[in-house]
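*Asks:* For the record, in the sequence shown the residue sitting at position 166 is 686 according to the numbering used here, with numbers rising by one throughout.
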Amino acid sequence: MSSSTIDELLADASVPVSAAREFDVGAALRRLAADAARTQPPTPDMERLAAAGERLSVVSRWILNGPGAALHMAKLTDESPVDATVDDIDGPLVFGCLLHLTGHPESAQFWWQLAAGAGNRLAAYCLHLHHLSLGETKEARHWGYEVTESSPATGAAPPGEDFFLGLEVFARYIRNHGGVSRSGAPTGRLEMEIDRLADGAACIIVRHPDRRLVDQLRDDVTGR
Numbered sequence: 521m522s523s524s525t526i527d528e529l530l531a532d533a534s535v536p537v538s539a540a541r542e543f544d545v546g547a548a549l550r551r552l553a554a555d556a557a558r559t560q561p562p563t564p565d566m567e568r569l570a571a572a573g574e575r576l577s578v579v580s581r582w583i584l585n586g587p588g589a590a591l592h593m594a595k596l597t598d599e600s601p602v603d604a605t606v607d608d609i610d611g612p613l614v615f616g617c618l619l620h621l622t623g624h625p626e627s628a629q630f631w632w633q634l635a636a637g638a639g640n641r642l643a644a645y646c647l648h649l650h651h652l653s654l655g656e657t658k659e660a661r662h663w664g665y666e667v668t669e670s671s672p673a674t675g676a677a678p679p680g681e682d683f684f685l686g687l688e689v690f691a692r693y694i695r696n697h698g699g700v701s702r703s704g705a706p707t708g709r710l711e712m713e714i715d716r717l718a719d720g721a722a723c724i725i726v727r728h729p730d731r732r733l734v735d736q737l738r739d740d741v742t743g744r
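1. Would you tell me roughly how many angstroms separate the C-alpha atoms of Arg568 and Gly588, rounded to the nearest one?
2. Going by the beta-carbon positions, is the gap between Leu576 and His651 smaller than 7 Å?
3. Near Val734, which residues of its chain fall below 8 Å by C-beta distance, leaving aside the five closest residues on each side in sequence?
4. Under the three-state reduction of DSSP, which class applies to Asp608: helix, strand or coil?
5. Thinking C-alpha only, which one of Gly639, Arg581, Trp632 is nearest Leu621?
6. Once the 5 residues before and after Phe766 are set aside, which same chain residues still bring their CB inside 6 Å of it?
7. Taking only three categories from DSSP, how would you classify Ile714?
8. Nearest-angstrom Cα distance between Gly664 and Pro625?
9. Run through DSSP, which three-state label would His624 get?
10. For Asp719, count the other beta carbons within 10 Å of its own beta carbon; 16 or more makes it buried, fewer makes it exposed. Which is it?
11. Rounded to the nearest angstrom, what separates Gly655 and Gly573 at their Cα positions?
12. Spatial neighbours of Thr707 within its chain, please: C-beta separation below 7 Å, excluding the five flanking residues on both sides.
13. Buried or exposed: where does Val614 fall if 16 or more other Cβ atoms within 10 Å of its Cβ makes it buried?
14. Let me make sure I understand the geometry here. Which of Asp608, Ser627, Ile583 has the alpha-carbon closest to that of Tyr759?
15. Taking C-alpha atoms, which residue in Asp565, Ala554, Ala547 lies nearest to Ser653?
16. Residues in its own chain within less than 7 Å of Val726 by CB, not counting five upstream and five downstream?
17. Excluding the five sequence neighbours on either side, which residues of its own chain have a C-beta within less than 6 Å of the C-beta of Gly611, listed in chain order?
18. Is it buried or exposed, Arg731, if we count other Cβ atoms within 10 angstroms and call 16 or more buried?
19. Between Leu634, Ala571, Asn585, Ala638, which has its C-alpha nearest Arg738's C-alpha?
20. Have a look at Leu710 and Gln736 and give me their C-alpha separation to the nearest angstrom.
21. What residue range does the alpha helix (DSSP H) around Gly573 cover?
22. Excluding the five sequence neighbours on either side, which residues of its own chain have a C-beta within less than 8 Å of the C-beta of Ala619, listed in chain order?
23. Does DSSP put Val726 in a helix, in a strand, or in coil?
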C-alpha cells in the first residue's frame, strides 16, 4: 500500500497524519500486556500465598493488641536488665510482629526465629505462614512441624485444632470486613519509630527496640 493511500485512509478516519506517525506501537502493546496481566484471575497458588500472608498479618495484629505486648517488648530493650531472648521469649515475638506489619519482613523473620528457637510456638507459626506466603514450602513445613509437635525441651503439648480453627475464623472475618488495614494496624507514629530504629538499615534490623518505641506501642494499644 502506498503512502498516499495510507494518508487518505487516515484522513477519512479523521485522524491527523502527524499523530498517527508519532504513535508508539511498542508502548501501546506494553500497556495492553500490563492491563491483561492485571485482569487475569489469580491462580490457586497465588490465592494460597495471599491467604497465608493475610493470616500472618491477622495473627500479628492479634499479638500486638494483646494486653502484655508492650510489657514483653520492654523486657527486650537495651535498657532492661532482663535478657528477653532467654527469659521472655514473647518479646522477640512481639517485635517480629511489629516489624512484619511495618514492612520489614526479613527483620521480622530474624526475631521470630529467636523466639521460635527458644520454644515459642506462636513465633514458629508466624514463621510457617511467613515462608508459606513466599512459596517456600520446605521452610514452611519445617516450622509447621515445630508448631504441631510436642516440645522435647519443655514437654509442652502442641495447641489443639480449636486454636488453628479460631485463627482461621478470625482471619476470614477480617477478610470479609475490610482486610488487614482496619483497626489494629500500626499507626504512622509506630512506623516512624521503626524507621528511626532501622536508621537506614538495608537488610535486617538486629538492634533491640528502645524505650521510646515501647512507649509508642503502649500508647497505640491503649489509645484505640
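Glycine included, C-beta positions come from ideal geometry on N, C-alpha and C.
Source: prediction; values computed, not measured.
*Replies:* So, to answer that:
1. Between the C-alpha atoms of Arg568 and Gly588 there is a straight-line separation of about 32 Å.
2. Contact: no.
3. Ala590, Met593, Ala594, Thr597
4. Three-state result, Asp608: coil.
5. Residue nearest to Leu621 within the set Gly639, Arg581, Trp632 is Arg581 (criterion: CA-CA distance).
6. This structure leaves residue 766 out entirely; the chain is present only between 521 and 744.
7. The DSSP-derived three-state label of Ile714 is helix.
8. 18 Å
9. coil
10. exposed
11. 10 Å
12. Asp740
13. buried
14. Only positions 521 to 744 of the chain appear in the structure, and residue 759 is not among them; the question remains open.
15. Asp565
16. The residues are Phe630.
17. His592, Met593, Lys595, Leu596, Ala604
18. exposed
19. Asn585
20. For the pair Leu710 and Gln736, the Cα-to-Cα distance works out to about 6 Å.
21. Run containing Gly573: 564-584, per the alpha helix (DSSP H) assignment.
22. Checking the displayed sequence, the identity of residue 619 turns out to be Leu instead of Ala. Closer than 8 Å at Cβ, skipping near neighbours: Pro625, Ser627, Ala628, Trp631, Ile714, Ile725.
23. coil
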